[in-house]
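In order, the protein sequence lines correspond to chains A and B.
Quick note on numbering: the first sequence equals residues 1 to 261 in the working numbering.
Quick note on numbering: the second sequence equals residues 262 to 612 in the working numbering.
Heads up: the structure comes next, in structure tokens.
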Amino acid sequence: MTPRLWSWITFGAGVLFFALPLIAMAEFSLRMRRGVYSLDAYASVLSDPQFQATFLYSVVMALATIVFGVLIVVPTAFWVRLKLPGLRPVVEFITLLPLVIPPIVIVFGYIRLYNTSSWLPLTGTAGGTNLLLMFGYATLALPYMYRAVDTGLRTVDVATLTEAAQSLGAGWFTVIFRLILPNVLVAVLSGAFLTFAIVIGEYVFAALLDRPAFGPYLAWSGDNKAYVPQALAVITFAITWACMGLIQLVTRFSKHERARA
Amino acid sequence: MAYLDLTHLVKTFGSNRVVKDFSLGIAKGEFVSLLGPSGCGKTTVLRMVAGFEAPTSGRITIDGQDVTALRPNQRRIGMVFQAYALFPNLTVAQNVGFGLKVAGMPRDEADARVAEMLRLISLPDKGPSYPFQLSGGQQQRVALARALAPRPRVLLLDEPLSALDAKVRVSLRNEIRAIQRDLGITTIFVTHDQEEALSISDRVVVMNGGIADQVGTPFQVYNQPSTRFVANFVGTLNTFEAEVDTPATGALRLGGVPLSLGRPVSAAKGATIGLALRPEAVHMGRAPGRDVVLPAIVREVHFMGSVIRIKAEAAGTTVSLDTFNRPDTPPPAVGQSAEISLSAQDFILLD
């Protein structure tokens, strides 16, 4: 047995383990019409007004989360890198916390803090709850967003560029949004796609805050329908993979930029 | 009162006093170099003028206005960095126009100024290029244009030539000086390269350990160094130990050879004092007007083209001397005995 053969065997085992369930699921989703393969399940999903509504809701929430995340993460990462390098381990630890603390704990904390009898009754209105949901999503996305932006900042000489801009009369706003953000845009985009993928499928926050998001719809249809949930799962996977593909594409684009530099 | 006035500047980082009581007045349009080894505080002084560091104590005024407490973006100062620091996401024209845009200058006026600046640095066609498409020297010229575009009151150059290769360094420093003269802009130039500082400055400030050891024209600093540090740091120096014969007349003995400085020395009879001499003040062989002749042995010969640098052993020390190359006279051989002559009045007394 050559080492090469072993590699192929390991690879094959991995493919069976990971891909077989996916293939089975995709195959099952095509069998809605008895006896033949058809896209009936997908047609039924796509024409379902509830699918359209929840999916649109989640997309809008994802976009809002990305904007909000960029607005808090980019200035923070910039400031830590420029002025408080000693705090970097602390900030990194904090941004990693959402990976350790289960979402259910965070959401119960939210509900306790912001319920209708609290000082800030955010859960009292749909808009307030949406806002709370967005905060939750931004927290979930924090580890990925912060790391992506911080890595992006590493590739530019933040301190000197900032000083150059300041000596030319620029204030902090100009420095961050006209200079730093465009230079880490590629990193921000890859963070954004990850955030998008996370938010689209998120269940716990949306379910417990009772918002009409795509995640709860996914779970609900899984309980109530036979073929449709498989089709939905395939669609969700496709979205996630598309996001990962976009990250790859953007990263390659950035390497291209750097190679030219 | 000077145009740019630095008064009793002190800067401490923790327990480390990097700049100790630094005062300097710079006239409008003057080109002043801060010269010194790394860690002497020259960059810190520049960064205090730019506003990136706040002085622990002291005052900075520009054109009568106290700017000590102003933020960097309020000081109307142009700065050029060693690492170019061009904005990678902007084109050359956008880089040069950055300060104008921030200041809210109307588009047409800004475009005209950018074009004027690009002509000034002889890169009129590079406007649409990105920084990474330019060579190091071109990038630094763009950085200079960017700093000059908003018509700053003071131009600060922080080792702008250190990252460039030797040929570009020389041509760019001449270009910087020419542009500076053209615009008549008050300039501070920080460098650790004494040749750079001497060749383009109106005045040179030699810094050591956070203070200005000597302030003067390049000619003064080179020929009349006020401290041993300045004498050693600026240029090459031959040092001798001489024995004092008659303090009042400056009669000394150097390696047994009597000589007279023609001015009194403060040491007692029989004491040894330090003397220094530039390599170009030492002559190979006898020459008229050079009253001191020392026997020597040639130890090293460096042929550098127009100049030949020779190291010879004389008066118990190694003496560097420079002679011009002459096509009809080959350089002396190593190990050869020779005589070197010098003029006693050229000696710099070291304290």
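Even glycine gets a Cβ: it sits at the ideal position worked out from N, Cα and C.
query	result
Taking Cβ-Cβ distances shorter than 8 Å, what residues in chain B pair up with T151 of chain A?	Ordered by position in chain B, no residue passes the 8 Å Cβ test against T151 of chain A, which lies about 16 Å from the chain.
Is there a Cβ from chain A that is less than 8 Å from the Cβ of I437 of chain B?	no
Does chain A have any CB closer than 8 Å to the CB of P367 of chain B?	no
With a threshold of 8 Å on Cβ separation, who are the neighbours of G136 of chain A within its own chain once the five nearest residues in sequence on each side are excluded?	P103, I106, V107, Y110, F205, L209
How about L262 of chain A: is its C-beta nearer than 8 Å to some C-beta of chain B?	This structure cannot speak to residue 262 of chain A, because chain A is shown only from 1 to 261.
Could you run through the segment 167 to 189 of chain A and flag, in chain order, every residue whose CB is less than 7 Å away from some CB of chain B?	S167, L168, G169, A170, G171, T174, L179, P182, N183
Could you check whether the segment 26 to 40 of chain A touches the segment 216 to 225 of chain A, counting it as contact only if at least three pairs of C-beta atoms, one from each stretch, sit closer than 8 Å?	no
Alpha carbon to alpha carbon, how far is E574 of chain B from D589 of chain B? Give it in angstroms, no decimals.	25 Å
Counting only the same chain and skipping the five closest in sequence on each side, list residues whose C-beta sits under 8 Å from that of P298 of chain B.	H453, N469, F494
How would you list, in chain order, the residues of chain A whose beta-carbon sits under 8 Å from the beta-carbon of A311 of chain B?	E163, S167
For P556 of chain B, which residues in chain A fall below 9 Å Cβ to Cβ?	Neighbours of P556 of chain B on chain A: none; closest Cβ ~56 Å, over 9 Å.
What residue range is occupied by the uninterrupted beta strand (DSSP E) comprising R278 of chain B?	277 to 287
Can you confirm whether V156 of chain A, when its beta carbon is compared against all beta carbons of chain B, has any partner nearer than 8 Å?	yes
Can you list, in chain order, the residues of its chain whose CB lies under 7 Å from that of T317 of chain B, leaving out five sequence neighbours each side?	V271, K272, T273
At what residue ranges does the segment 408 to 492 of chain B contain a whole run of the beta strand (DSSP E), taking only runs of 3 or more?	415 to 419, 447 to 452, 464 to 469, 472 to 477
If we define contact as Cβ-Cβ less than 8 Å, is P525 of chain B a contact residue for chain A?	no
Using a Cβ-Cβ cut-off of 7 Å (strictly less than) and excluding sequence neighbours within five positions of R374 of chain B, which residues of its own chain qualify?	L361, A410
So what does DSSP say about F274 of chain B, is it helix, strand or coil?	strand
Using a Cβ cut-off of 7 Å, which residues of the segment 355 to 379 of chain B contact any Cβ in chain A, in chain order?	F359, G360, V363, A364
Which residues in chain A have a C-beta closer than 7 Å to the C-beta of N334 of chain B? List them in chain order.	Q166, G169, A170, G171
Taking the beta strand (DSSP E) that M340 of chain B falls in, what are its first and last residues?	338 to 341
Grab me the residues of F68 of chain A's own chain with a C-beta within less than 7 Å of its C-beta, minus the 5 sequence neighbours each way, in chain order.	M134, A138
CA-CA distance, L433 of chain B and P540 of chain B?	28 Å
With DSSP as the reference, please indicate the residues paired to H544 of chain B in a beta bridge.	B:S602
DSSP three-state call for V328 of chain B: helix, strand or coil?	coil
Answer yes if the segment 174 to 182 of chain A comes into contact with the segment 154 to 166 of chain A, meaning at least three C-beta pairs across the two stretches below 8 Å, and no otherwise.	yes
Just tell me which of A:V45, A:A197, A:L5, A:L181 has its CA closest to the CA of F237 of chain A.	A:A197
Could you pull the start and end residues of the beta strand (DSSP E) that A575 of chain B belongs to?	568 to 575
Which residue marks the beginning of the alpha helix (DSSP H) containing N586 of chain B, and which one marks its end?	N586 of chain B -> no alpha helix (DSSP H), and no H or E assigned at all.
Which bits of chain A does G339 of chain B rub up against, with CB to CB less than 9 Å?	S167, L168
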